[in-house]
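Numbering (the UniProt record's numbering), first residue to last: 1 to 387.
Reviewing the structure listed below.
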């Protein structure tokens, strides 16, 4: 039945458009970013020096992973996050089921390969390394973050984000941008304080060991990326329309800015320390401030603008590969890469190595990641609370 407004009653504000919960272009983008990480780790031995210089700057791709994580988590939980025990139970088990089983299997196998058999007198030390690696605490240490699967240092930042996300969402709901700003500044302040206290303390084994490590590798120094992702989710959820026709200025501008930033990164060519990462402040600023802002604009463009890039990223192939991106990321450095180098040497048959890695990721996704997720959820949550 249609109801008429009285002449003295102002019309209610139109509600925000009901959003899709799945975005194929963003899923495809995950694989493209993971592929760039692979290119940074493995390249043909005959690659020209100028190409190597460009590829070496692909460390900035981690910003996109963190932004996407913030967007996905913000989209899913922004309206339901509470500090109640039932909600926290559902939230924690969902996160653990999604991320941890495959990490546990792959990381444990690498740890056993590396440290077994345990040398005499080293049991306590080895047990500590296992504990720090399996719990992902090792990512807070500049000297221990590569123990186990080296590329999984980023999961420590993700883990910290998962545990603090409900706080961010509640603050944002109650206080708006002021709450989000206070959250980000608070996390940064904690990181700066811990680093100021803990650095140059050998007994701490590199935990909060340097300011370079703080901003290159930890959630405390890279909180802006996650916060921007959550902010993008809130902005997107409050839009009245999904897209508008016209010139795709967000996509175009963001790509131009990122290209310009890449030129600056190549020009700076920051030395990369094994423990601390990039050591030039300008490079760090580009990675943790400039690129996250540009990538946020790019994601906004992919959400709102009909472009060739969105069409390409949303193709069925990239969509399928994007769903395997987590497995692809974890398996690219491990037993396969160790065997490949032993058989063929470094930098040989990289195309075939990439194909083998993709196939391995497919098998892990089908036989481990998804079955393990369902197995954990079936034993911890009712079926209706799995997603």
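Idealized CB from N, CA, C, for every residue including glycine.
Just how far apart, CA to CA, sit residue i and residue j?
i, j, result
"residue 310", "residue 253", "15 Å"
"residue 45", "residue 267", "23 Å"
"residue 147", "residue 357", "21 Å"
"residue 285", "residue 339", "37 Å"
"residue 10", "residue 66", "Legend: pLDDT at residue 10 = 35, less than 50; position of this residue unreliable, value from coordinates given subsequently. In a straight line, the C-alpha of residue 10 is about 42 Å away from that of residue 66."
"residue 93", "residue 381", "8 Å"
"residue 141", "residue 249", "41 Å"
"residue 335", "residue 108", "12 Å"
"residue 176", "residue 52", "44 Å"
"residue 234", "residue 276", "34 Å"
"residue 184", "residue 154", "18 Å"
"residue 39", "residue 157", "22 Å"
"residue 362", "residue 197", "44 Å"
"residue 314", "residue 366", "21 Å"
"residue 116", "residue 127", "11 Å"
"residue 317", "residue 203", "49 Å"
"residue 82", "residue 292", "28 Å"
"residue 298", "residue 26", "11 Å"
"residue 220", "residue 370", "30 Å"
"residue 256", "residue 282", "19 Å"
Give me the DSSP bridge partner(s) of residue i.
i, result
"residue 277", "273"
"residue 207", "141"
Pick from the options: whose alpha carbon is nearest that of residue i?
i, options, result
"residue 216", "271, 175, 203", "271"
"residue 133", "305, 220, 361, 111", "111"
"residue 258", "151, 47, 38, 63", "63"
"residue 364", "145, 48, 324", "324"
"residue 265", "189, 57, 316", "57"
"residue 69", "127, 376, 37, 326", "326"
"residue 136", "331, 100, 297", "100"
"residue 187", "222, 359, 159", "222"
"residue 379", "25, 199, 96", "96"
"residue 218", "192, 373, 33", "192"
"residue 251", "296, 214, 353, 269", "296"
"residue 359", "328, 210, 375", "328"
"residue 212", "159, 273, 373", "273"
"residue 375", "91, 49, 98", "98"
"residue 159", "33, 346, 354, 91", "91"
On the premise that residue j lies in contact with residue i, defined as a C-beta separation below 8 Å, what is that separation, rounded to the nearest angstrom?
i, j, result
"residue 172", "residue 182", "Their Cβ separation, rounded to whole angstroms, is 10 Å, which puts residue 172 and residue 182 out of contact at 8 Å."
"residue 321", "residue 31", "4 Å"
"residue 301", "residue 71", "Not a contact, Cβ separation roughly 13 Å."
"residue 170", "residue 224", "Their Cβ separation, rounded to whole angstroms, is 19 Å, which puts residue 170 and residue 224 out of contact at 8 Å."
"residue 149", "residue 330", "6 Å"
"residue 368", "residue 102", "5 Å"
"residue 54", "residue 43", "Going by Cβ atoms, the distance from residue 54 to residue 43 rounds to 11 Å, so no, they are not a contact pair."
"residue 73", "residue 165", "6 Å"
"residue 226", "residue 161", "5 Å"
Evaluate residue i with the Cβ neighbour count: other Cβ atoms within 10 Å of its Cβ, from every protein chain shown; 16 or more gives buried, anything less gives exposed.
i, result
"residue 306", "exposed"
"residue 247", "exposed"
"residue 113", "exposed"
"residue 125", "exposed"
"residue 308", "exposed"
"residue 278", "buried"
"residue 206", "buried"
"residue 238", "exposed"
"residue 388", "Nothing can be reported for residue 388, as the shown portion of the chain is limited to 1 through 387."
"residue 189", "exposed"
"residue 80", "exposed"
"residue 163", "exposed"
"residue 351", "exposed"
"residue 139", "buried"
"residue 287", "buried"
"residue 28", "buried"
"residue 152", "buried"
"residue 22", "exposed"
"residue 88", "exposed"
"residue 37", "buried"
Any C-beta of chain D sitting closer than 8 Å to the C-beta of residue i?
i, result
"residue 105", "No chain D is present in this structure, which holds just one protein chain."
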